[in-house]
Each structure stands twice: as structure tokens, then as C-alpha cells.
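Notes follow once the structure below has been shown.
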Amino acid sequence: MLEIRNLHASVDGREILKGIDLTVPAGEVHAVMGPNGSGKSTLSYVLAGRDGYEVTAGSATYKGQDLLAMKIEERARQGVFLAFQYPVEIPGVTGVNFLKTAVNAVRRSRGESELDAMQFLKLARKKAKELGVGEEMLRRAVNTGFSGGEKKRYEALQMALLEPSFMILDETDSGLDIDALRVVAEAVDAFRNPQRAMLVITHYQRILDYIVPDKVHVLAGGRIVQTGDKDLALELERSGYAQFVGQAA
Amino acid sequence: MTGTSHPDWLASLRRVARAKADAAGLPTRRDEAWKYTDVAALGVGSFLLAEQPRGAVPEVAPLGDTIRLLLVNGNLVAAPDEPLPAGVVVDRLDSGFSAGVVQAHLGQVIPADAKSLATLNSALFADGVVLRIGAGVKVDRPFEIVSFGQGGDEPVAFHPRCLVVVEEGGSATLIERHLGSGSYFSNSVVEIALADGASLHHYKQQDEAAHAVHVATTGVSLAGGARYAGVLVQTGARLARHEVHAALGGQDASFGLDGAYLGAGQQHLDTTTFVNHVAPGGASRQVFKGVLDDQARGVYQGTVLVQRGAQKTDAHQLSKALLLSPHAEMDGKPELEIYADDVKCGHGCTVGDIDETALFYLRARGIDEATARHLLIEAFLAEVLDQIEVEPVRQAFAAVLGERLEGAHATRRSDDHRQG
Ligand SMILES: Nc1ncnc2c1ncn2[C@@H]1O[C@H](COP(=O)(O)OP(=O)(O)OP(=O)(O)O)[C@@H](O)[C@H]1O
Ligand SMILES: [Mg+2]
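Which chain is which? The protein sequence lines are A and B, in order. According to the working numbering, the first sequence is numbered sequentially starting from 12. According to the working numbering, the second sequence is numbered sequentially starting from 2.
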């Protein structure tokens, strides 16, 4: 589903990704772990198309298409979804308005009919309830004044509404309390199917108990320095990243 | 003009104003208060004084259930023919019916300033309108005064005039709209006198014709405990200036003015305010939010004066502008002059562009760039529109802003097309 080849990317002229190779076939979940500042969020931004993240070499192919050539919104409409490590507060834009605009933009691009206000509200309420997102949060401005954990649930709600086929969860677990982590992780796990794939970026093993990965990659110094099965996460929990730090630079 | 002769006092007021206006001429950029806005350069001095309008009365849909007056080129062409609530007078300034009230306030609310266009208005206005709310009278239905400009083959000038008097403890809502077609110069004056405990909500829409020049001077005098809450939305005219003089002369008075404006093309939109805290315990709050595209230019000059006796004053002013194009420009000059020592005052002035992070977030959810920008701009202006407590008015003002934003996007998209 996603094939990344020798991807190099720079921010402000500084090279952060130094040759990433990563293939995630449909139906699989890959975890990405690695020290702070190693480039995990940078990779997720590059895949989502954020301005200022300049690809200097390499490629990313999504469902056979050149992902890097697509506009930001085009990627989202084709089913790529990034759950932000730091969701953005947008004062003045109400959740309902934002979510409905997004859902209908995606539906339109899939050739589906748009939802009217009533249909949308019904759907949003149902999904919000499943994820423990309070109804009043839908009426508030996007992420504005939300607690850290509320923001992460709200990311999960957006995912549930947009029904993407490739998800990048950038530390969706951090900030969630123990119960919320279970609710959100189980919802994500229930989303797995043979047509979908995901990258789960995390620092902690715990989320991987719910979303058991097919592979675990270690990203250090802008490169994938090790790949293993789910047990690698447990091993890292014990040993830390010391063994990779020298290797990366 | 109507041919009816004015009462003596009015005739003499006009004569004095005429002499002053003739001697002073139009303001120029050498006048400090007109540093950023050159109205004389547009040739308005040579526009013909508009005559009684001929032809059909323009159709303007009312904003909900309102008590409506329609002025065309400053002439009153439609006044409410229904019975008014008890204690309410709506009349022509010169009818004599409210002569006492008119005489007490007309030309008194705005400080005498030989250079100002308000003086020219006093000399030349056609049919002025007076609105009087009696003591203790609370009027729920909003008044709606529409000034419609009709430019002919030659550009015309006219001078709408309005006096609003709310007596002790009375309250009302005034909707003031400026619309039109063709090329004209509208030089409007609105004087508002609020007695002890009186309150007025004032919603003004400036959506003049694209070639119009709009200059408005609004005076507000507030006695003890009086409340004024104004919202100003400017989208029209090639050059517009809204000048406000507020005097908080009574204790614990409160003055609020929120403005939203949207400029594109070569538009020039100027808001200039003078808020004078004379008595103690007063509160004033001003929030202006502007969006400027293309080569549009915005001006905010805000002076807040806190006099020695005005202890415990709480005064804030904030101007925020979003520039959507590298050629748009904003001049902001908030000024505080404080002579009392126990006050809370603040001002701020920011100019920026659209938050790129927010734009990325929206687009990452599949929302196209133009729509995402639109959402963010509407959000930016929402704080101002949310001050409007009459829902049909809020909706109508928001709709015009939305349409203009759409228009700007449509032009940009077709430009992109041509270049691509
Ligand atoms: N806009 C930027 N300007 C300069 N440097 C940046 C910018 N964005 C990221 N970087 C740098 O790129 C490197 C990688 O950052 P990134 O956010 O991808 O790390 P990460 O692996 O996600 O870390 P964490 O685990 O803390 O979330 C860091 O050294 C960071 O300081
Ligand atoms: Mg990160």
C-alpha cells in the first residue's frame, strides 16, 4: 500500500530524513519507535505533505501513485490520514462545521453523496460516543482549550469519520489516560482490515498490546536502523535506544 | 430639497456651518486625523449636490421585522406608516414636532471641528431624521435606517443626517445600512445622545456601491450608566472612512464598538475613533478585525483619552488585520492618553497572515485550500459578528462577508487559470 524508497527530507535546509526505506503492505500495522528528535514526526509530515518539509531525494508510492506529487488535500481524499502528535487549535471554527466540511469533501471525492446537517450530526454523535468524545466538544472550536487527552480522542474521532485507508498515528497514545488509551486503541484496532494499513508511531509498548503490530521499526538519526517483529518493542522497552545512537549519525 | 423653509434656528445653524465648511475646505493629509486617507484627491469636492430622487424607489429587503426608514441620496422617501410604540417619535429634523429635543442635541454631540466633514453635512443635509425614545421606553423591534445612494451620469454628493435621542432608562436597537449603485459621495452624520441609564445597540453595515466614497461621522454622548454597543461591518465603497467620537460624560457609562471589514481590489477602509473618558467608572472596549486582499488598504486610528477625573476607567482597544496579499497594507495607530492614575487600559495592534499550521491541519482533512482559507477568515471575523444580538442582522452581515470572500476566491481561481 505504501512504499517509501531512499527518502531524504530537509527542514530549513537541515537534512532530517537521511534515506528511509519502508514498505507497508495492505492489511498490516507497522510500529515506528525511536529517540526524540530522530525524525518520526518529520516522516509523518512529509507523507501528509506539509509545506517546508522538502523532499531532496527518494520516493513514496501510495496505492501505486506518486504520493509526494499530490496536494495535501488530495492525499487526505485518497485515504491518507495523519493523527497529529500536536493537534492544532483553531479558534472560531466550530467542530461540527469543520468535521462536516471535511467529511463531505472526502465523500465528494469518492463519488459519494454529501451528508446534510441532520445526517452528519447523527453520524458524528454516534462516533463521538464510541470514542468518549463529549457532545459539547463538537460544538466547541476545533481543539481550542481541549486537554491533551481530549485532543487525541478528537483525532481518533476524525479518523473514524473520514474512514481513511492509510493511517499514521503520531504518538496518539501520549496524553491519553489508561482508560482512554484502551478505548481509542481498541477503536483503531477495530478499524484494521485487509484493505487498510497503518503506521503507529509511539514511545511506549502499551498501545501495541491493543494494536498488535506486524512489524516494528526503529528510526534513529533519520534512518530505519532496525526492523523486527512485535517482540522488538518489548526489548526496546528494556534496553532503550543507546545501542542505536552511535550508529545513526 | 423639499422647498419647506427651515425653522430659524436650523437655518442659522446651517449658515454658520456653511461658512465654516467653506473656510476650511476638505480635509487633507496634512491634517493629523486624515494622515492616511485622502478624500479630496477623489474629486468629491466637485461632485454635484444630489437633487430629489426621481424614478422608482430601490427595493431593499428589510433585515427581519424592523421599523424602517429609507433615504435615497439623503432624502427621506419612505417612513414607517404603522403606529409606533408609545413613547417613540420618528420624524424629520425640521418638522418642528420635536424641535426642543432636536435643538438641544443637533450639532452638539460631535465636537465642533472646522475641518471635519460633519460640518459640511450640517451645511448641506437634505432631510434629516430624528429618532426619539422616551424615558423608560424599551423598544424591542429594531429601527432600520437604509441610506441608498444613486449615482447618475455624473457623480453626486449627498449628506444623510440622523439624530438619535434615548431618554432616561430607554433602550432601542438601531440598524444603519448604507447601500447604493453608481458613483457618489455619501457624507453621513449620526448623532446619538444617551441619557442616564439609556441603552442603544447600533449595527451599521457599510456596503456602498463599488465606486462610492463613504464618509461617516458618528457621535455618541453617554450620560451616567448609559450603554452603547456598536458593531460596524464594512465591505463596500472604494474609499470609506468611519469616524467615531464618543464622550463618556456620566459615571459608569459603557461604550463598546466592534468592527469587521473586508477590503479587496483598490479599496481603502479607514476607521478612526476618539473615545473620551470624562467621568469615573467608565468602560470602553473596541475590537477591530480586518481582512485585506489585493492592493486594499486598511487604517485604524484609535485615540482613547482618560481625563483626570475619570478614575477607575477600563479602556481597551485592539486592532487585528489579516493581509492576504503582499500588496495589501494596514496602518494601525492606537493611542492612549491617560491623565488619571487608577485605571486599567490596554491596546494592541497586530498585522499578520493566515495561520499556516491551521491551514495545513484543515487541508490534511481533505478540505481544499480555498475553503480552508475561507473557514479561517470567517473564524477570524466571527468574534465581531457574534456581538450582534439580532439574529437576522447577524446572518445578513455574515452572508455579505461570505459572498465577498467567495468573490475574491473566484477571481483568484480564474487568475490562476490564466497564468497556468
Ligand atoms: N521546523 C523545524 N525547524 C527546525 N528544525 C526542525 C523543525 N521541525 C523539526 N525539526 C528538527 O528535526 C528533528 C526531528 O524532529 P521530529 O519532530 O521529526 O522528531 P520526532 O522523532 O518526532 O521526536 P519526538 O519523539 O520528540 O516527537 C529534530 O531535531 C527537530 O528539532
Ligand atoms: Mg514527534
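Cβ coordinates follow ideal geometry from the N, Cα and C atoms, glycine included.
Buried or exposed (CB count within 10 angstroms, at least 16 for buried), residue i
| i | result |
| --- | --- |
| N76 (chain B) | buried |
| M129 (chain A) | exposed |
| G408 (chain B) | exposed |
| Q206 (chain B) | buried |
| R121 (chain A) | exposed |
| D154 (chain B) | exposed |
| S187 (chain B) | buried |
| Q254 (chain A) | exposed |
| Q268 (chain B) | buried |
| L406 (chain B) | buried |
| D9 (chain B) | exposed |
| T67 (chain B) | buried |
| F98 (chain B) | exposed |
| E177 (chain B) | buried |
| A113 (chain B) | exposed |
| R419 (chain B) | Here the model assigns R419 (chain B) a pLDDT of 43, short of 50, so the residue's position is not dependable, and the following value carries that caveat. With fewer than 16 Cβ atoms within 10 Å of its Cβ, R419 (chain B) is classed as exposed. |
Chain-order list of residues whose beta-carbon lies under 7 Å from that of residue i (same chain, five-residue window excluded)
| i | result |
| --- | --- |
| P102 (chain A) | A152 and T155 |
| G4 (chain B) | Low confidence applies here, because G4 (chain B) scores a pLDDT of 43, under 50, leaving its location unreliable and the question unanswered by this model. |
| V144 (chain A) | R164, Y165 and L168 |
| R228 (chain B) | S200 and S255 |
| L11 (chain B) | D95 |
Own chain partners of residue i with C-beta closer than 6 Å, once the 5 adjacent residues on each side are dropped
| i | result |
| --- | --- |
| H202 (chain B) | T174 and A230 |
| G65 (chain B) | P393 |
| V464 (chain B) | Any answer about residue 464 (chain B) is impossible in this case: the structure gives chain B only from 2 up to 421. |
Collapsed DSSP secondary structure at residue i in the structure displayed
| i | result |
| --- | --- |
| Y97 (chain A) | coil |
| A79 (chain B) | strand |
| S47 (chain B) | helix |
| P281 (chain B) | coil |
| E192 (chain B) | strand |
| Q206 (chain B) | strand |
| I189 (chain A) | helix |
| M12 (chain A) | coil |
| A5 (chain A) | For chain A, the structure presents residues 12 to 260; residue 5 (chain A) sits outside this window and is missing. |
| Y340 (chain B) | coil |
| P54 (chain B) | coil |
| Y1 (chain B) | This structure leaves residue 1 (chain B) out entirely; chain B is present only between 2 and 421. |
| A152 (chain A) | strand |
| G159 (chain A) | helix |
| G421 (chain B) | Low confidence applies to G421 (chain B): its pLDDT is 31, below 50, so where it sits in the model is not reliable, and the reading given next is rough at best. The answer is coil: DSSP assigns G421 (chain B) none of H, G, I, E or B. |
| L406 (chain B) | helix |
| A12 (chain B) | helix |
| G88 (chain B) | coil |
| N204 (chain A) | coil |
| G60 (chain A) | coil |
| G299 (chain B) | strand |
| Q76 (chain A) | strand |
Neighbourhood of residue i by C-beta distance below 8 Å, restricted to the same chain and skipping five residues each side
| i | result |
| --- | --- |
| L14 (chain B) | L107, G108 and S123 |
| G251 (chain A) | none |
| L402 (chain B) | V234, T236, A261, L263, E379, L382 and L386 |
| D197 (chain B) | E169, G170, A224, G225, G226, A227 and G251 |
| P81 (chain B) | I68, R69, L70 and V91 |
Residues from the stretch 212 to 239 of chain B in contact with chain A, defined by Cβ distance under 7 Å: So nothing in the stretch comes that close.
Residues in the stretch 158 to 175 of chain A having any Cβ partner in chain B nearer than 8 Å: Across the stretch 158 to 175 of chain A, CB contacts with chain B closer than 8 Å involve Q169 and L173, in sequence order along the chain.
Pull out every residue of the stretch 364 to 379 of chain B whose Cβ sits closer than 9 Å to any Cβ of chain A, in chain order. Within the stretch 364 to 379 of chain B, R364, A365, R366, G367, I368, D369, E370, T372, A373, L376, L377 and E379 place their CB atoms closer than 9 Å to a CB of chain A, listed in sequence order.
Between the stretch 17 to 38 of chain B and chain A, which residues of the former have a C-beta closer than 9 Å to a C-beta of the latter? Near chain A, meaning a CB-to-CB distance below 9 Å, no residue of the stretch 17 to 38 of chain B qualifies.
May I ask you to verify whether the stretch 135 to 149 of chain B touches the stretch 36 to 53 of chain B, counting CB pairs closer than 8 Å and requiring at least 3? Result no; under three Cβ-Cβ pairs closer than 8 Å.
Closer than 8 Å is the cut-off here; do at least three beta carbon pairs connect the stretch 167 to 187 of chain A with the stretch 133 to 143 of chain A? Between the stretch 167 to 187 of chain A and the stretch 133 to 143 of chain A, the count of Cβ pairs shorter than 8 Å is three or higher; the stretches touch.
Decide if the stretch 16 to 27 of chain A is in contact with the stretch 58 to 67 of chain A; the criterion is three or more beta carbon pairs, one per stretch, under 8 Å apart. Yes, the stretch 16 to 27 of chain A is in contact with the stretch 58 to 67 of chain A.
Flag this pair as touching only if the stretch 269 to 280 of chain B and the stretch 359 to 376 of chain B have three or more C-beta atom pairs under 8 Å; answer yes or no. No, the stretch 269 to 280 of chain B is not in contact with the stretch 359 to 376 of chain B.
So, does the stretch 81 to 92 of chain A touch the stretch 27 to 45 of chain A, judging by three or more C-beta pairs under 8 Å? With the rule of 3 Cβ pairs closer than 8 Å, the stretch 81 to 92 of chain A does not count as touching the stretch 27 to 45 of chain A.
Stretch pair the stretch 195 to 212 of chain A + the stretch 231 to 246 of chain A: three plus CB contacts closer than 8 Å: Not touching, per the Cβ criterion.
Touch check for the stretch 41 to 56 of chain A and the stretch 75 to 86 of chain A: three-plus C-beta pairs under 8 Å? Below 8 Å, too few C-beta pairs join the stretch 41 to 56 of chain A and the stretch 75 to 86 of chain A to call them touching: fewer than three.
Are at least three pairs of beta-carbons, each pair with one atom in the stretch 285 to 296 of chain B and one in the stretch 314 to 324 of chain B, less than 8 Å apart? These segments touch.
Any 3 or more C-beta pairs closer than 8 Å across the stretch 236 to 253 of chain B and the stretch 27 to 47 of chain B: With a cut-off of 8 Å, the stretch 27 to 47 of chain B and the stretch 236 to 253 of chain B count as touching, because enough Cβ pairs lie within range.
Could you name the residues of the stretch 251 to 262 of chain B whose beta carbon sits closer than 8 Å to any beta carbon of chain A, in the order they occur along the chain? Listed by position, the residues of the stretch 251 to 262 of chain B near chain A (Cβ gap below 8 Å) amount to none.
Do the stretch 177 to 192 of chain A and the stretch 48 to 60 of chain A meet, that is, are 3 or more Cβ pairs less than 8 Å apart? Flag = yes, the stretch 177 to 192 of chain A and the stretch 48 to 60 of chain A touch.
Given a limit of 7 Å on CB to CB distance, which residues of the stretch 47 to 78 of chain A reach chain B? So the list reads A59, R61 and D62, given in the order they occur along the chain.
Examine the Cβ distances between the stretch 326 to 340 of chain B and the stretch 303 to 316 of chain B and report whether three or more of them are shorter than 8 Å. Touching, yes, given that three or more Cβ pairs across the two stretches are closer than 8 Å.
What are the residues of the stretch 385 to 408 of chain B that lie near chain A, defined by any Cβ-Cβ distance shorter than 8 Å? Contact annotation: in the stretch 385 to 408 of chain B, no residue has its CB less than 8 Å from a CB in chain A.
Output, in sequence order along the chain, the residues in the stretch 174 to 193 of chain A whose CB is closer than 9 Å to any CB in chain B. Correct list: empty, as no residue qualifies.
Listed from N- to C-terminal order along the chain, which residues in the stretch 335 to 358 of chain B have their beta-carbon within a distance smaller than 7 Å of any beta-carbon of chain A? Here the close residues are E357 and T358.
Tell me which residues of the stretch 209 to 235 of chain A have at least one Cβ-Cβ distance to chain B shorter than 7 Å, keeping chain order. Taking 7 Å as the upper bound on Cβ-Cβ separation, chain B lies near no residue of the stretch 209 to 235 of chain A.
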